[in-house]
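Contents: one structure, followed by commentary.
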Amino acid sequence: MDYAERERLLLAPYAMHAAESAGRVHAEPTHAYRSPYQRDRDRVVHSAAYRRLAYKTQVFTGPLLSRRGGDYHRTRLTHTQEVASIARTLARALRLNEDLVEALALVHDIGHPPFGHAGEDLLNERLAGQGGFNHNRQALRIVERIERRYPEFPGLNLTREVLEGQGRRGRKGAVAGDHETASPLLEVQVVDAADSIAYDAHDADDALELGVLELGELREVDLWREATAAVERRFTCLDDGQLRRAVIHQLLDRQVGDLLGCTRRRIAERRPASPDEARRSPPLVAGTPELAEQKRLLERFLFDRVYRHPLVLAHRLEATAALGELFDRAVADAAANADAGGLPAPFGQIAAEEGPRRAAADYVSSVTDRFALDSQQTLAGG
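Have a look at this one:
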């Protein structure tokens, strides 16, 4: 059975079937046994940018983790894998295209620089007046231009569905073409929802592990308190570690269950007979307003107590100082040799075409936390 027949039997009519893909920018022959979206997934997994996510932090930056001895925390890679896992669960339950969902999930954070949003903010400041820096848009630069793995074309030549889905993350509003007022594909909506589900649970988990939060503090938040109560009705005499892990599981299950129930009701009401019909509807993949409000309050709590924690902010400054020094050095290297760029390929060509600051941002955003910190030490010693 080929992939088209398998999808015809398993997927809903509103799912994006690979046989209906709009193809790739650079035309390629079909593969003997992999669908276009399977190939997209594999190309992302085998890319250098994806591998480097293992050494890019999520919320808690390298200096903080090294001083706390942390190896439990999420990296960009483990976060990406967790998002992919949740997204595939949602896709299967909704009879959507799991291969497309997985490709979208694996690529969604590939544009992150070192040190998470702290690094992103630094690069955005350095590129003020030149388009700024946004990790979602940077992901497109990586898969369309920066990665060089194939002799026939630059980038990874992913399908137009994956490129459009990632492009929607990088900007608000419409996409170009015939879908200017369309919602994203349901597969794209699923990945966005899975991303939110993952970080709402896991940022709290990492903060507890690193001692930035105490378990009792989270009982102030309705969503966490309700999840704790559900766990304590099932289990007694749990130690703090067992309780924390059980609550994280409950948080994930609550969010996934709520989203599936609400999304199924919306789909049943609209009854879209094709992906295009689903796109002509308001976004269909969402949970209840009640849970959305609880999530908003949890995210507000995490912003105030975790992301703005004095210890986190202090180490954020240390991390961004390292990244800023590396950026300034890269700009100088690129400007010193405008023709060749003074940077490794393909960044030298980017410097010649788009200027040294954009090339420096592309280069600096591609390195890992460890490389940025080591480079700062080398510069200080030199």
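Going by our numbering, the sequence shown opens with residue 285, and the numbers climb by one from there. Just so it is clear, CB atoms sit at the ideal spot from N, CA and C, and this is done for glycine as well.
Proximal residues to residue i (C-beta, below 7 Å), its chain only, five neighbours per side dropped
| i | result |
| --- | --- |
| Ala368 | Glu386, Ala389, Leu390 |
| Ala624 | With a pLDDT of only 49 at Ala624, under 50, the local geometry of the prediction cannot be trusted, and no value is derived from it. |
| Leu406 | Thr604, Leu607, Gly608 |
| Glu366 | Ala482, His486 |
| Asp479 | Val367, His392 |
| Ser565 | Ser467, Arg554, Pro556 |
| Glu501 | Arg589 |
| Val651 | Pro398 |
CA-to-CA distance, residue j to residue i, given in whole angstroms
| i | j | result |
| --- | --- | --- |
| Ala636 | His301 | 41 Å |
| Gln539 | Ala576 | 9 Å |
| Lys340 | Leu361 | 8 Å |
| Val515 | Gly545 | 21 Å |
| Arg455 | Val446 | 15 Å |
| Arg351 | Val596 | Here Arg351 scores only 48 on pLDDT, less than 50, and its place in the model should not be relied on; the value that follows carries that caveat. Their Cα atoms are separated by approximately 12 Å. |
| Ala412 | Gly541 | 42 Å |
| Ile394 | Asp523 | 37 Å |
| Val531 | Pro573 | 22 Å |
| Gln660 | Pro468 | 41 Å |
| Asp462 | Leu568 | Legend: pLDDT at Asp462 = 44, less than 50; position of this residue unreliable, value from coordinates given subsequently. Rounded to the nearest angstrom, the two C-alpha atoms are 20 Å apart. |
| Glu510 | Leu497 | 18 Å |
| Tyr434 | Leu582 | 44 Å |
| His396 | Asp560 | 31 Å |
| Asn381 | Leu295 | 7 Å |
| Tyr356 | Ser558 | 43 Å |
| Asp646 | Ile551 | 41 Å |
| Ser649 | Glu638 | 16 Å |
| Leu543 | Arg549 | 10 Å |
| Val505 | Phe585 | 7 Å |
| Asp326 | Thr364 | 15 Å |
| Leu378 | Glu602 | 44 Å |
Counterpart residues of residue i in DSSP-defined beta bridges
| i | result |
| --- | --- |
| Thr362 | Its beta-bridge partners do not exist; DSSP assigns none. |
| Arg432 | Gly439 |
| Thr341 | Thr359 |
| Arg308 | Thr443 |
Per-residue DSSP class, three states only, for residue i
| i | result |
| --- | --- |
| Gly500 | helix |
| Thr572 | coil |
| Arg555 | coil |
| Arg452 | helix |
| Arg327 | helix |
| Tyr334 | helix |
| Ile394 | coil |
| Leu380 | coil |
| Phe399 | coil |
| Phe417 | coil |
| His301 | coil |
| Pro320 | helix |
| Ser467 | coil |
| Phe585 | helix |
| Thr314 | coil |
| Thr512 | helix |
| Val651 | coil |
| Arg538 | helix |
| Ser565 | coil |
| Arg592 | coil |
| Thr373 | helix |
| Val475 | helix |
| Gly545 | helix |
| Asp286 | coil |
Sequence-distant residues of its chain with Cβ nearer than 6 Å to residue i (five each side left out)
| i | result |
| --- | --- |
| Asn247 | This structure leaves residue 247 out entirely; the chain is present only between 285 and 666. |
| Ala303 | Ala288 |
| Arg410 | Phe611 |
| Arg654 | Tyr339 |
| Tyr591 | none |
| Arg429 | Pro438, Gly439 |
| Gln473 | Pro567, Val569 |
Own chain partners of residue i with C-beta closer than 8 Å, once the 5 adjacent residues on each side are dropped
| i | result |
| --- | --- |
| Ala328 | In the sequence on display, residue 328 carries Val and not Ala. Cβ neighbours of Val328 beyond the five flanking positions: Tyr334, Ala387, Leu390, Val391, Ile394, Val427, Leu440, Leu442. |
| Glu408 | Before going further, note that residue 408 is Asn rather than Glu in the sequence given. Within the same chain, Asn408 has close Cβ partners Gly416, Phe417, Asn418. |
| Gln450 | Leu388, Val391, His392, Asn420, Ala423, Leu424, Val427 |
**Message:** Going residue by residue through the segment 594-649, where are the continuous beta strand (DSSP E) segments of at least 3 residues, counting only ones entirely within it?
**Reply:** Counting only runs of 3 or more, we get nothing.
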